[in-house]
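K.L.:
Under UniProt numbering, the residue at position 30 of the sequence shown is numbered 30, and the numbers go up by one with no gaps.
From the three backbone atoms N, C-alpha and C, an ideal C-beta is built for every residue, glycine too.
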Amino acid sequence: MDGLIDELTPEMIPQGIYRDIVEKIGVANFIKLAELVGGATIYIPKAESFLRPARDLRIKQEFNGYNHAELAKRYNLSERWIRAICGEGHAEGQISLFDLDYSQEENTEEIKESATA
Numbered sequence: 001m002d003g004l005i006d007e008l009t010p011e012m013i014p015q016g017i018y019r020d021i022v023e024k025i026g027v028a029n030f031i032k033l034a035e036l037v038g039g040a041t042i043y044i045p046k047a048e049s050f051l052r053p054a055r056d057l058r059i060k061q062e063f064n065g066y067n068h069a070e071l072a073k074r075y076n077l078s079e080r081w082i083r084a085i086c087g088e089g090h091a092e093g094q095i096s097l098f099d100l101d102y103s104q105e106e107n108t109e110e111i112k113e114s115a116t117a
């Protein structure tokens with residue numbers, strides 16, 4: 001059957017979805033697809049479903065802890081969705097006020113007092 005694939009042209013494929021697929025992926029790849037799933041009913045999700053993990057990773061890489069609105073606009077998503085992907089804030093390595101060592105704060109106060117004296 002390999003020789004027949006070389007002779008098959010896109011015009012020989014019936015008009016409609018099959019011809020559209022052949023025009024996008026080529027005759028040889030279409031035959032491979034037919035050999036793989038031919039005769040089965042399959043559901044192929046939208047491309048965005050497959051691209052979503054890569055998009056989300058890029059959003060996380062571009063996130064700086066404060067740019068929810070900018071990323072939402074750039075990727076045509078809501079700020080709420082950006083927050084679901086990245087969290088509420090706190091870029092990697094960013095410390096929280098709750099992470100402060102209060103023993104150091106006391107030392108800072110002592111330094112301030114001695115500087116004003």
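Take Asp56 and list the residues in its own chain whose beta-carbon comes closer than 6 Å to its own, dropping the five residues that flank it on each side.
P.N.:
For Asp56, where only same-chain residues beyond five positions count, the Cβ hits under 6 Å are Ile85.
K.L.:
If I measure Cβ to Cβ from Ile59 and keep anything under 7 Å in the same chain, skipping five residues before and after, which residues do I get?
P.N.:
Closer than 7 Å at Cβ, skipping near neighbours: Leu71, Tyr75, Ile82, Ile85 and Cys86.
K.L.:
Provide the residue span of the alpha helix (DSSP H) that contains Gln15, from first to last.
P.N.:
Run containing Gln15: none; DSSP gives neither H nor E here.
K.L.:
Tell me, to the nearest whole angstrom, how far the beta carbon of Leu8 is from that of Val37; I am working on the premise that it is less than 8 Å.
P.N.:
At roughly 18 Å, the Cβ-Cβ gap does not stay under 8 Å, so Leu8 and Val37 are not in contact.
K.L.:
Please tell me whether Glu70 has its Cβ less than 8 Å away from any Cβ of chain B.
P.N.:
The structure shown has no chain B; it contains just one protein chain.
K.L.:
Considering Asn29, what are the terminal residues of the alpha helix (DSSP H) in which it resides?
P.N.:
Its alpha helix (DSSP H) spans residues Val27 to Val37.
K.L.:
Tell me the DSSP secondary structure of Pro53 in three-state form.
P.N.:
Three-state result, Pro53: helix.
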